[in-house]
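Take a look at the structure below.
Numbering (my numbering), first residue to last: 13 to 254.
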């Protein structure tokens, strides 16, 4: 029976690349999205044309605790199992010191740390039965911080610690690992990075250029198949110098 993967935040960008790569590896995909309905439908249509009923869509706002539980239930109802959970969904925008609000804190910690934990909690029994794995998409900044993005960086650091802690608690049945991307795609928040900031980012990267979403997707598949790796966070960042 083909394995089943739930990928959160999977309609576009890195999430869509992960879905495509897992689909190529013969996974059935639960494609989670929040607002990107049209992109999610288009991606599912593309992949289902290749292999019928291989991708199903689930919409959920991961900031709502009840919606996380419903997402887990819908995942298990789809094909009766889950072999891989990829916690990719993330919120990212600047919060300079002096402007941080409790709403921003709740939003950034909720999407980047609380949701992956609660989703892992809801699915851990089924993952144990399948001897499956969890892959968390973290961030290279979780190791050295990020000015003007403190709540985001804190949330990703919490996700990194959660990865290591869950790896201990869920062993030996479930493997838990993470990926820490560097400069893969320029951010899409309002204003984004100007040319000078982009150049400075690449100057701190040993390879001197952007990575690709496929680099992250390939790392996800590697960790999903690496049966003797757990509790590890792989940096896919082109050699970032902090």
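C-beta: ideal position from N, C-alpha, C; glycine also.
For residue i, the residue or residues it bridges with in DSSP
{"i": "residue 71", "result": "45"}
{"i": "residue 247", "result": "192"}
{"i": "residue 26", "result": "Paired residues: none, contrary to the question."}
{"i": "residue 146", "result": "97, 188"}
{"i": "residue 19", "result": "43, 98"}
{"i": "residue 252", "result": "217"}
Three-state class that DSSP yields for residue i in the structure shown
{"i": "residue 100", "result": "coil"}
{"i": "residue 40", "result": "strand"}
{"i": "residue 238", "result": "coil"}
{"i": "residue 109", "result": "coil"}
Residue nearest to residue i in terms of C-alpha spacing, selected from the options
{"i": "residue 187", "options": "238, 230, 158, 157", "result": "238"}
{"i": "residue 28", "options": "100, 248, 247, 155", "result": "100"}
{"i": "residue 156", "options": "43, 147, 192, 123", "result": "192"}
{"i": "residue 135", "options": "80, 251, 73", "result": "80"}
{"i": "residue 13", "options": "39, 23, 33", "result": "39"}
{"i": "residue 260", "options": "197, 211, 176", "result": "Residue 260 cannot be examined here, being either before or after the span of the chain that is shown, 13 to 254."}
{"i": "residue 147", "options": "141, 113, 176, 119", "result": "176"}
{"i": "residue 231", "options": "246, 221, 16, 120", "result": "246"}
{"i": "residue 118", "options": "68, 92, 75", "result": "75"}
Below-8 Å beta-carbon distance, residue i vs any chain D residue
{"i": "residue 22", "result": "Looking at the structure shown, chain D is missing, and only one protein chain is on hand."}
message = Give the list of continuous beta strand (DSSP E) stretches no shorter than 3 residues that lie fully inside the segment 153 to 235.
response = 187 to 193
Three CB pairs or more closer than 8 Å across the segment 161 to 174 and the segment 209 to 226
no
- Query: For the segment 136 to 156 against the segment 164 to 181, are there 3 or more C-beta pairs whose distance is under 8 Å?
  - Reply: yes
(Q) Does the segment 111 to 131 come into contact with the segment 82 to 101, if we say contact requires no fewer than three beta-carbon pairs (one atom in each stretch) closer than 8 Å? (A) yes
Contact between the segment 129 to 144 and the segment 82 to 90 (3+ Cβ pairs under 8 Å):
yes
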